[in-house]
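Protein chains in written order, with the numbering used here: chain G, 1 to 268; chain H, 1001 to 1299.
Beta carbons are placed, not taken as given, at the ideal position from N, Cα and C, and that holds for glycine.
Remember, it's a predicted structure, so these values are computed and weren't measured experimentally.
Take a look at the structure set out below.
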């Protein structure tokens, strides 16, 4: 069943198109990777899918969520969808958490909002979620402030916050880019686990082809505001037909080749 | 993708008891400021139940007396006990100071939040008004209002409150706008949080420290403004005692009885310096950024 479908999505700022004619659909349990270089419009597309573009940007086209066209809908209507049907996790887990609010309360926030739980129930559920994202000692960490956690732990909190209300679609906007490589692998494993467990659909945005390829089943490739290629991961990796996708695959392969000898040395 | 979960790699940064800073509360400026203010507050509170003499009590036999066991701060040219006047003056100063700050915040905070959340046109309008009020000296504004509406406590409070509210509104707008651009506000919106909730849970929660410090400073400004108005005969009308009027009444006899000028002047100075020191101390204790740095340094 299609959860989200966008057709002809175009975003303009002062008459200049930043995203042009982007169309794709996401169904339950879909795992879609959206890849492209910085400034290609990936993150803008993600924000547009939640109706959260910065003021001054204009959109046209259609964004259907559960069959309802929400593009241009009032904020009140969007608020029912955000966090409940579609959630997002951002790149920088430090700034995405309120520095003065215990993380447990931040996870509890959407629960109280969408599920009408009272404070103590919501906070108990928040502690559950801290455990599900494998934070050590959930009951204690739920009372900690964001600066008392490590980067990986913060991103786990952000994931818990995004998934707390059991959305059917999760947009992950470069969730691992700001993390160390070791922590990055842990977060990706966790994401994989949570997706399997909750059946949430995934739109994974990144500029890192190997990371996306490991998690997604379908790839969308974006360049200068346009979708230049889309298809199953294997097809795009083996038979890229757009020039940009070819470049992308080739350079990713080169990086992997360069990286591999050192990995072998460590293995011995 | 098959990397096993290695929790141990992530360091657990949270200490057993989330370290709350204690040193801040013991900073010299906070302690000294609090002590000075408490002394003034104590004078004001005690005056509610007890003062050496009644307000109208005059001692014609001991006019312009030096401080003594009978009159701790001496008497003025009518033979009124100056310590009684100082105590009751403290009550006026603290009362008008608090009321003015309340007025300033009731006007300033919503106005600042409005400017921070509203569209560009409304924001520019509010900012323009704020700038005009800031540019206009508070005392002059107060004199204008008193001239129009007559001298009364309520007019003095509103006049000082309006004057100070501009600064409060400006600070609120700047701090709130900064919070509004933060990612965690965007993150809260992605969870479906409404604008009012964001305002209360995130914006106010992140700026009240700044506003509280501003409130202490505003209190100092209000106390000076009240004394100045009373000195000019535009503040609380007699018989309510006021430090400003004590100064004014005593200036003709300053060569004979310097105490009568020194003490109310000192009272104003102690209050204002105290409140500023307290504000500095509070800023150190409350400022989240300083607090985090201190915790980081502590670790």
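DSSP-derived helix/strand/coil call for residue i
i: residue 1081 of chain H; result: strand
i: residue 1257 of chain H; result: coil
i: residue 89 of chain G; result: strand
i: residue 16 of chain G; result: strand
i: residue 45 of chain G; result: helix
i: residue 1249 of chain H; result: helix
i: residue 22 of chain G; result: strand
i: residue 113 of chain G; result: helix
i: residue 95 of chain G; result: coil
i: residue 1236 of chain H; result: coil
i: residue 72 of chain G; result: coil
i: residue 145 of chain G; result: coil
i: residue 178 of chain G; result: coil
i: residue 1281 of chain H; result: helix
i: residue 1098 of chain H; result: helix
i: residue 27 of chain G; result: strand
i: residue 258 of chain G; result: helix
i: residue 8 of chain G; result: strand
i: residue 82 of chain G; result: strand
Short CB-CB distance (under 9 Å) between residue i and chain A
i: residue 1201 of chain H; result: The displayed structure is made up of protein chains G and H, and chain A is not among them.
Cα-Cα separation, residue i to residue j
i: residue 1147 of chain H; j: residue 1245 of chain H; result: 18 Å
i: residue 1038 of chain H; j: residue 1059 of chain H; result: 30 Å
i: residue 67 of chain G; j: residue 1 of chain G; result: 10 Å
i: residue 101 of chain G; j: residue 134 of chain G; result: 20 Å
i: residue 65 of chain G; j: residue 71 of chain G; result: 10 Å
i: residue 1186 of chain H; j: residue 1117 of chain H; result: 14 Å
i: residue 1066 of chain H; j: residue 1250 of chain H; result: 13 Å
i: residue 145 of chain G; j: residue 225 of chain G; result: 38 Å
i: residue 232 of chain G; j: residue 162 of chain G; result: 26 Å
i: residue 1141 of chain H; j: residue 1100 of chain H; result: 14 Å
i: residue 12 of chain G; j: residue 53 of chain G; result: 11 Å
i: residue 69 of chain G; j: residue 28 of chain G; result: 18 Å
i: residue 1164 of chain H; j: residue 1105 of chain H; result: 9 Å
i: residue 250 of chain G; j: residue 19 of chain G; result: 25 Å
i: residue 221 of chain G; j: residue 229 of chain G; result: 5 Å
i: residue 1068 of chain H; j: residue 99 of chain G; result: 57 Å
i: residue 1179 of chain H; j: residue 1057 of chain H; result: 56 Å
i: residue 1284 of chain H; j: residue 1036 of chain H; result: 18 Å
i: residue 1022 of chain H; j: residue 49 of chain G; result: Only weak support exists for where residue 1022 of chain H lies, its pLDDT of 47 falling under 50; the value from the coordinates is given anyway. Residue 1022 of chain H and residue 49 of chain G: Cα-Cα distance of roughly 46 Å.
i: residue 1125 of chain H; j: residue 158 of chain G; result: 38 Å
i: residue 1028 of chain H; j: residue 1173 of chain H; result: 31 Å
i: residue 113 of chain G; j: residue 131 of chain G; result: 21 Å
N-terminal and C-terminal residue of the alpha helix (DSSP H) that residue i is part of
i: residue 1031 of chain H; result: 1028-1049
i: residue 173 of chain G; result: Taken as a continuous stretch (DSSP letters only), residue 173 of chain G belongs to no alpha helix (DSSP H), being part of the beta strand (DSSP E) at 169-173.
i: residue 1198 of chain H; result: Element bounds for residue 1198 of chain H: n/a, residue is neither H nor E.
i: residue 228 of chain G; result: First-last for residue 228 of chain G: 226-232, but that is the beta strand (DSSP E), not the alpha helix (DSSP H).
i: residue 152 of chain G; result: 151-163
i: residue 1143 of chain H; result: 1138-1149
i: residue 1173 of chain H; result: 1153-1180
i: residue 1189 of chain H; result: 1183-1190
i: residue 50 of chain G; result: Per DSSP, residue 50 of chain G belongs to no alpha helix (DSSP H) and is neither H nor E.
i: residue 1054 of chain H; result: Here residue 1054 of chain H belongs to no alpha helix (DSSP H), and DSSP marks it neither H nor E.
i: residue 192 of chain G; result: 181-198
i: residue 209 of chain G; result: 209-215
Cβ distance (whole Å) where residue i is taken to contact residue j below 8 Å
i: residue 216 of chain G; j: residue 33 of chain G; result: 3 Å
i: residue 1161 of chain H; j: residue 1217 of chain H; result: Their Cβ separation, rounded to whole angstroms, is 15 Å, which puts residue 1161 of chain H and residue 1217 of chain H out of contact at 8 Å.
i: residue 42 of chain G; j: residue 51 of chain G; result: No, residue 42 of chain G and residue 51 of chain G are not in contact; Cβ-Cβ is about 17 Å, not under 8 Å.
i: residue 1210 of chain H; j: residue 1175 of chain H; result: 5 Å
i: residue 1184 of chain H; j: residue 1202 of chain H; result: 7 Å
i: residue 227 of chain G; j: residue 154 of chain G; result: So it is not a contact: roughly 32 Å between Cβ atoms.
i: residue 1190 of chain H; j: residue 88 of chain G; result: 5 Å
i: residue 201 of chain G; j: residue 168 of chain G; result: 6 Å
Enclosing beta strand (DSSP E) for residue i [first to last residue]
i: residue 206 of chain G; result: 201-206
i: residue 1119 of chain H; result: Residue 1119 of chain H -> no beta strand (DSSP E), and no H or E assigned at all.
i: residue 141 of chain G; result: No beta strand (DSSP E) holds residue 141 of chain G; the alpha helix (DSSP H) holding it covers 138-141.
i: residue 32 of chain G; result: 31-36
i: residue 133 of chain G; result: Taken as a continuous stretch (DSSP letters only), residue 133 of chain G belongs to no beta strand (DSSP E), as it is neither H nor E.
i: residue 64 of chain G; result: 57-65
i: residue 1203 of chain H; result: No beta strand (DSSP E) holds residue 1203 of chain H; DSSP gives it neither H nor E.
i: residue 219 of chain G; result: 218-223
Inter-stretch contact at 8 Å, needing at least 3 Cβ pairs: the stretch 1211-1230 of chain H / the stretch 1266-1275 of chain H: Cβ pair count under 8 Å is three or more, so yes.
Is the stretch 166-174 of chain G in contact with the stretch 132-151 of chain G, if contact means three or more CB pairs nearer than 8 Å? They do not touch, by the three-pair rule.
Okay, do the stretch 1128-1136 of chain H and the stretch 1069-1084 of chain H touch, 3+ Cβ pairs below 8 Å being the bar? Contact between the stretch 1128-1136 of chain H and the stretch 1069-1084 of chain H is absent: fewer than 3 CB-CB pairs across the two stretches fall below 8 Å.
contact_flag[the stretch 1164-1171 of chain H, the stretch 1200-1214 of chain H] where n(CB pairs < 8 Å) is 3 or more: They touch, by the three-pair rule.
Hey, is the stretch 1082-1093 of chain H in contact with the stretch 1036-1054 of chain H, meaning 3+ C-beta pairs nearer than 8 Å? Yes, the stretch 1082-1093 of chain H touches the stretch 1036-1054 of chain H.
At least 3 beta-carbon pairs within less than 8 Å: the stretch 101-119 of chain G vs the stretch 180-196 of chain G: At 8 Å Cβ cutoff, the stretches do not touch.
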